[in-house]
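S.K.: Below you will find the structure I want to go over with you.
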Amino acid sequence: MTESHTEISLARAADFESWVAVLLADWWPVLTGGLAPPRTTLRAWRAVDGSRQIFRVELIARQSAEADLMTVARAAFVDLGMRPDEREWVQSQGRHLVGHTEDATAQLRFSDTAHTIFLRLQSRPCHVSVAGGRQLSALPDANLPFPNTATGPLDIRVARNSARHLLAQHSARFATPADPFQLAPQGHVSDVGWAFVFPWSTTSWYTDGSTPVLTPGVKGPIVVVKDTGDTWLLDSLSSYDSQLAGYAEANGYRHGTSDSA
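The numbering of the sequence shown is the working numbering, which starts it at 1 and goes up by one.
Printed below as a string of structure tokens:
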């Protein structure tokens, strides 16, 4: 079994990637003036310290475009609450924009030779355990589907963001303030074909293995339907599979055996 400190590292890393994926989906049409997104993006985890315990996740999207798009993007930076790096803008002759929010760093670059725009979003620093850092370092750069928050099927990162928001509300009502609820790492998420099922527990369970003390009936895993984004908590007092099968039958989905997502 994965050591508990590694579990919380991987769970929080998945949260960071989920949030940046949603930012990319939301910011792309604003920064590009409605340019059609690419089919895929490059995902990379980068260590920013020598001990490999601080990482950033970055997503890079590229698409054919014309140079006048950079003027649109510069105005959009302001709309998104980012102050462009004026020195970089001037030195690049309007071909490179850099800005920051509390959650991410955005870099937009235009290539005159390729007539292509590159958008890179980097998360804020994510602290992980030594073992968690080793696992993130071992992850190869990957081409993943461009995240879509508007229409299904949702990918697991966008679905995780929905689950995280619901769990935060649930945690505010039922968790001890010093020990909030936390979604499990991505490797523990189940894919039932038509939905993702996200387990969760107390933060202390992931940090030191402390047995969760939960009020009976405090609810079970979170379900996010891929096609619609419908999100809810399973009832912990009855069979999870029967609840999933009942929803699937009522909504025209074929329900099968859960697999790891």
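Cβ coordinates follow ideal geometry from the N, Cα and C atoms, glycine included.
The structure displayed is predicted, hence computed values, not measured ones.
Could you check what DSSP says for Ser239 in three-state terms: helix, strand or coil?
M.R.: Position 239 of the sequence shown holds residue 239. Note: Ser239 maps to coil in three-state DSSP.
S.K.: Could you check how far apart the C-beta atoms of Leu69 and Ile117 are, in whole angstroms? I think they sit under 8 Å.
M.R.: Within the sequence shown, residue 69 is the residue found at index 69, counting from 1. Within the sequence shown, residue 117 is the residue found at index 117, counting from 1. That pair is a contact at about 6 Å.
S.K.: Below 8 Å on the Cβ atoms is my contact criterion, and I expect Ser162 with Thr228 to pass it. Report the Cβ-Cβ distance as a whole number of Å.
M.R.: Translated into positions along the sequence shown, residue 162 becomes position 162. Translated into positions along the sequence shown, residue 228 becomes position 228. About 11 Å separates the two Cβ atoms, so there is no contact after all.
S.K.: Classify Ala67 as helix, strand or coil using the three-state DSSP reduction.
M.R.: Here residue 67 refers to the residue found at position 67 when the sequence shown is read from its first residue. The answer is coil: DSSP assigns Ala67 none of H, G, I, E or B.
S.K.: Take Val98 and list the residues in its own chain whose beta-carbon comes closer than 6 Å to its own, dropping the five residues that flank it on each side.
M.R.: The residue labelled residue 98 in the question sits at position 98 within the sequence shown. These residues qualify, in order along the chain: Asp85, Glu88 and Gln107.
S.K.: So which of Tyr240, Leu59 and Ser236 has the shortest CA-CA distance to Ala142?
M.R.: Walking along the sequence shown from the start, residue 142 turns up at place 142. Among Tyr240, Leu59 and Ser236, the Cα nearest to that of Ala142 belongs to Leu59.
S.K.: Alpha carbon to alpha carbon, how far is Ala250 from Ala138? Give it in angstroms, no decimals.
M.R.: Counting from one through the sequence shown, the residue named residue 138 turns up at place 138. Counting from one through the sequence shown, the residue named residue 250 turns up at place 250. Each residue's alpha carbon lies about 42 Å from the other.
S.K.: Which residues does DSSP list as the beta-bridge partners of Gly99?
M.R.: On the sequence shown, residue 99 is found 99 positions in, with the first residue counted as 1. Beta-bridge pairing links Gly99 to Ala106.
S.K.: How long is the line joining the alpha carbons of Leu114 and Ser92, rounded to whole angstroms?
M.R.: Walking along the sequence shown from the start, residue 114 turns up at place 114. Walking along the sequence shown from the start, residue 92 turns up at place 92. A small fix is needed here, since residue 114 is Ala in this sequence, not Leu. Between Ala114 and Ser92, the C-alpha separation is close to 16 Å.
S.K.: For Ile54, which option in Ser111, Thr105, Leu136 and Glu3 has the closest C-alpha, if you only look at C-alpha atoms?
M.R.: Residue numbering aside, residue 54 sits at position 54 when the sequence shown is read from its first letter. Closest option to Ile54, Cα to Cα, is Leu136.
S.K.: Quick one: which unbroken alpha helix (DSSP H) runs of 4-plus residues sit fully inside the segment 142-180? Chain order, please.
M.R.: Runs of the alpha helix (DSSP H) inside the segment 142-180: 156-174.
S.K.: Can Pro15 and Arg173 be called in contact, C-beta distance under 8 Å?
M.R.: Counting from one through the sequence shown, the residue named residue 15 turns up at place 15. Counting from one through the sequence shown, the residue named residue 173 turns up at place 173. Note that residue 15 is Asp in the sequence shown here, rather than Pro. Not closer than 8 Å, so no.
S.K.: Just how far apart, CA to CA, sit Leu35 and Trp27?
M.R.: Position 35 of the sequence shown, counted from the first residue, corresponds to residue 35. Position 27 of the sequence shown, counted from the first residue, corresponds to residue 27. Taking the straight line from one Cα to the other gives about 11 Å.
S.K.: Should Ala178 be flagged as near chain B, meaning a C-beta pair shorter than 8 Å?
M.R.: In the displayed structure, chain B is absent; only one protein chain is listed.
S.K.: Name the residue from His96, Leu23, Pro221 and Arg254 whose alpha carbon lies nearest to the alpha carbon of Ser239.
M.R.: Locating residue 239 in the sequence shown gives position 239, where the first residue counts as 1. Measuring from the Cα of Ser239, the nearest candidate turns out to be Pro221.
S.K.: Residues in the same chain with beta-carbon distance under 7 Å from Thr151, minus the five sequence neighbours each way, listed in chain order, please.
M.R.: The sequence position of residue 151 within the sequence shown is 151, counting from 1. Same-chain partners within the cutoff: there are none.
S.K.: Near Thr203, which residues of its chain fall below 6 Å by C-beta distance, leaving aside the five closest residues on each side in sequence?
M.R.: Within the sequence shown, residue 203 is the residue found at index 203, counting from 1. So the qualifying residues of the chain are Asp179, Pro180 and Gln182.
S.K.: What would DSSP say about Thr116, mapped onto helix, strand or coil?
M.R.: Within the sequence shown, residue 116 is the residue found at index 116, counting from 1. Three-state DSSP puts Thr116 in a strand.
S.K.: Does the Cβ of Asp208 have 16 or more other Cβ atoms within 10 Å, making it buried, or fewer, making it exposed?
M.R.: Here residue 208 refers to the residue found at position 208 of the sequence shown. Asp208 should be labelled exposed.
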